[in-house]
Amino acid sequence: MYDSGQLQASPTTHHPLIMLGARAVGQSRKASSSSASAPSSPPQQRKLRFNALQREQMDLAQQLKAVGQAGDFSGIVEALAAAEARGLPLNVPIVNSAISALGKCSRWQEALELLRSMEGRGLDPNLISYNSAISACAKGGQLAQALALLAEVRARGLTPDAITYGSALDACARGGDWREAVAVADAMRTDGVRPNVFCYSSLISAHARGRQWRRALDALRDMRAAGLEPNAVCYNAAMEACGTAGQWRGALALLHEMQAAGVRPTNVTYNTAMSACARAGRGGDALALLRQMRDTGIVPDAVTYTAALAAARRGGAGLAALLRDMLSDGVAPNLTHCNCALSQCAWPHAEALLAAMQVIATVTTAAATLNVAVVSDVVQETGIHPDSASYAAMARAYAKDAQWKQALKALRDMRVAAVAAAPDNFNLKKSTSSSGSSAPRGEADRRLRAYVAVLYACAGAGCWRQAIAVLDEMQASHHFEVA
Numbered sequence: 001m002y003d004s005g006q007l008q009a010s011p012t013t014h015h016p017l018i019m020l021g022a023r024a025v026g027q028s029r030k031a032s033s034s035s036a037s038a039p040s041s042p043p044q045q046r047k048l049r050f051n052a053l054q055r056e057q058m059d060l061a062q063q064l065k066a067v068g069q070a071g072d073f074s075g076i077v078e079a080l081a082a083a084e085a086r087g088l089p090l091n092v093p094i095v096n097s098a099i100s101a102l103g104k105c106s107r108w109q110e111a112l113e114l115l116r117s118m119e120g121r122g123l124d125p126n127l128i129s130y131n132s133a134i135s136a137c138a139k140g141g142q143l144a145q146a147l148a149l150l151a152e153v154r155a156r157g158l159t160p161d162a163i164t165y166g167s168a169l170d171a172c173a174r175g176g177d178w179r180e181a182v183a184v185a186d187a188m189r190t191d192g193v194r195p196n197v198f199c200y201s202s203l204i205s206a207h208a209r210g211r212q213w214r215r216a217l218d219a220l221r222d223m224r225a226a227g228l229e230p231n232a233v234c235y236n237a238a239m240e241a242c243g244t245a246g247q248w249r250g251a252l253a254l255l256h257e258m259q260a261a262g263v264r265p266t267n268v269t270y271n272t273a274m275s276a277c278a279r280a281g282r283g284g285d286a287l288a289l290l291r292q293m294r295d296t297g298i299v300p301d302a303v304t305y306t307a308a309l310a311a312a313r314r315g316g317a318g319l320a321a322l323l324r325d326m327l328s329d330g331v332a333p334n335l336t337h338c339n340c341a342l343s344q345c346a347w348p349h350a351e352a353l354l355a356a357m358q359v360i361a362t363v364t365t366a367a368a369t370l371n372v373a374v375v376s377d378v379v380q381e382t383g384i385h386p387d388s389a390s391y392a393a394m395a396r397a398y399a400k401d402a403q404w405k406q407a408l409k410a411l412r413d414m415r416v417a418a419v420a421a422a423p424d425n426f427n428l429k430k431s432t433s434s435s436g437s438s439a440p441r442g443e444a445d446r447r448l449r450a451y452v453a454v455l456y457a458c459a460g461a462g463c464w465r466q467a468i469a470v471l472d473e474m475q476a477s478h479h480f481e482v483a
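Mapping of the sequence shown onto UniProt numbering: residues 1 to 483, in sequence order.
Right, dumping it as structure tokens:
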């Protein structure tokens with residue numbers, strides 16, 4: 001569990017930012033030493049200088065906070081360089097602000113090094129220092145480091161607060177480790193620290209990513225029992241937990257519950273609910289949510305239409321209207337959208353859509369199902385290129401109508417375009433080939449689907465010689481094992 005983690009030793013070679021901060025802190029110590037040995041000046045002058053110094057330090061801390069919020073890493077370096085140039089000594093609040101800013105810039109390593117440099121520079125890290133460092137590690141996906149820092153907080157005699165535990169729970173959520181999240185929540189309860197909304201939302205998210213939908217709902221209930229009102233983030237996480245577990249009814253119930261509680265749904269809320277319905281084959285419910293989303297004034301985004309197109313594919317609804325709506329909402333079709341459309345097209349319409357992708361175009365209207373007339377119109381460049389999934393869908397569309405020549409051409413185009421981007425020596429039954437090369441499993445599966453579709457097309461047309469040739473190619477050219 002979390003208290004058994006150990007931080008890795010800090011590197012001996014420090015980032016220039018850390019060395020910069022070290023020099024500034026060193027100047028702080030020199031300034032203190034020189035002021036102690038200098039002849040005493042009138043108290044009023046000393047007070048004025050001290051107040052001016054404090055204002056400068058506060059301004060620097062605020063500046064670091066601002067550049068961190070903006071995600072401006074170079075701004076952090078420049079702010080510390082300017083402080084060094086004018087001899088401004090750093091203090092704990094400034095370093096804490098720098099650690100926090102680094103975390104917001106996804107620079108967890110520099111944040112951790114800056115924390116480690118404090119003691120050697122005469123500065124004692126406080127709870128805020130550790131909270132900022134734990135948060136930085138969480139944002140950087142460094143669960144082990146975050147939990148080790150939490151253990152170190154205790155070892156140093158500091159008392160973790162809700163922010164400490166919330167950041168650790170956030171690290172668990174991002175790392176998808178629900179068991180560690182439970183351990184952190186238990187420690188929090190033992191310490192008598194009252195969880196805040198962020199703690200609960202992170203705990204629910206950890207359960208969601210760990211596919212623990214019942215635990216996610218329990219945490220939501222515990223939150224209400226503790227007198228806290230769940231926000232949209234909490235509901236969204238609980239809905240995600242239900243959706244990934246196939247509990248589409250639970251996801252819809254949570255949507256109704258949050259609306260009844262006066263919590264306004266967001267894009268993420270509807271996207272999550274629609275995805276839950278799509279996974280369960282509830283195409284009608286997903287499309288009803290899309291209409292409801294519009295009625296509430298929320299503009300659908302690319303993720304919304306990914307869920308809607310997936311729902312239409314599973315539920316058998318037409319795609320043409322969805323693609324028109326997507327364009328009217330200002331959402332440019334991406335590769336995922338086009339692949340969803342391709343998977344539903346009859347082969348002539350799929351061919352038109354693939355051609356539109358190949359000329360790097362925006363599809364203004366597109367194909368839907370085998371029984372729906374479709375028109376593809378190219379109006380401007382968007383940078384969409386077909387991938388292996390596109391060609392696999394194309395081959396399946398040809399196979400439906402036994403168009404074996406076109407299916408073979410799609411397979412040939414896939415090879416020529418090198419869209420697979422995977423090593424040729426790939427064994428579908430293993431993660432590595434006999435020669436040691438490897439490819440992503442999903443990519444190999446997509447390539448296999450393209451070959452299988454071509455085999456079906458050849459078989460449907462009675463072209464057994466071509467089918468055997470495809471099997472030979474699968475074995476000889478790509479080292480696929482054919483059972």
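Every residue, glycine too, gets a C-beta built ideally from N, C-alpha and C.
query, result
"Cα-Cα separation between R249 and G297, rounded to whole angstroms", "24 Å"
"Short Cβ contact (7 Å threshold) for A146 with A183", "no"
"Beta carbon of C105 nearer than 7 Å to that of G140", "no"
"Length-filtered (4 minimum) alpha helix (DSSP H) runs lying within the region 277-321", "283-295 and 302-315"
"Inter-residue Cα distance where the pair is L289 and L309", "13 Å"
"Residues near A241 by beta carbon distance below 6 Å, same chain, minus five either side", "H207, A208, W213 and A216"
"Status (buried if at least 16 other CB within 10 Å, exposed otherwise) for E119", "exposed"
"Exposure label - T133; buried when at least 16 CB within 10 Å", "It is worth fixing the name first, because residue 133 is Ala in this sequence and not Thr. A133 should be labelled buried."
"L147, enclosing alpha helix (DSSP H) - first and last residue", "L143 to A155"
"Contact check, A273 vs M239, beta carbons under 7 Å", "yes"
"Short Cβ contact (7 Å threshold) for L169 with A151", "no"
"Buried versus exposed, by CB contacts within 10 Å (16 or more), Q57", "buried"
"Close Cβ partners of I128 (< 7 Å) along its chain, the five nearest in sequence each way excluded", "N96"
"Euclidean distance between Cα positions of R291 and Y305", "12 Å"
"R211 versus D177, L254, Y270 and V92, residue with shortest Cα-Cα distance", "D177"
"Candidates Y165, A144, Y130 and A136: closest to residue 489 by CA position", "Since the first residue of the chain shown is 1 and the last is 483, residue 489 is not available in this structure."
"Minimum length 3: unbroken beta strand (DSSP E) runs contained in the region 161-212", "none"
"Cβ-based burial, Q142 [other Cβ within 10 Å; buried from 16]", "buried"
"CB of A225 within 7 Å of CB of L203, strictly", "no"
"Runs of alpha helix (DSSP H) wholly within the UniProt repeat \"PPR\" (91-125) (minimum 4 residues, chain order)", "92-104 and 108-120"
"Euclidean distance between Cα positions of E78 and L60", "11 Å"
"Rounded straight-line distance, which links the Cα of A457 to that of K409", "12 Å"
"Cβ-Cβ distance between G166 and C199 below 7 Å", "yes"
"Contacting residues, own chain, Cβ-Cβ under 8 Å from Q8 (five flanking each side not counted)", "Its pLDDT being 42, under 50, Q8 is placed unreliably by the model, and nothing is read from it."
"Endpoints, the alpha helix (DSSP H) within which T244 is located", "A232 to T244"
"Distance between Q406 and V375 (C-alpha atoms, nearest Å)", "Any reading at V375 must be qualified, since the residue scores a pLDDT of 26, below 50, and its modelled position is unreliable; the value itself is stated next. Approximately 20 Å between the Cα atoms of the pair."
"Nearest-angstrom Cα separation, counted from T266 out to A232", "7 Å"
"L80 to P43 span [Cα, whole Å]", "30 Å"
"For S205 and A253, believed in contact at Cβ under 8 Å, the rounded distance", "Rounded, the Cβ-Cβ distance is 19 Å, inconsistent with contact."
"R264, DSSP secondary structure in three states", "coil"
"V92 versus P125 - alpha carbon distance", "7 Å"
"C-beta contact flag for A251 and G262 at 7 Å", "no"
"C-alpha distance - V67 paired with G103, whole-angstrom precision", "11 Å"
"Anticipated Cβ contact below 8 Å, I76 with A98, distance rounded", "6 Å"
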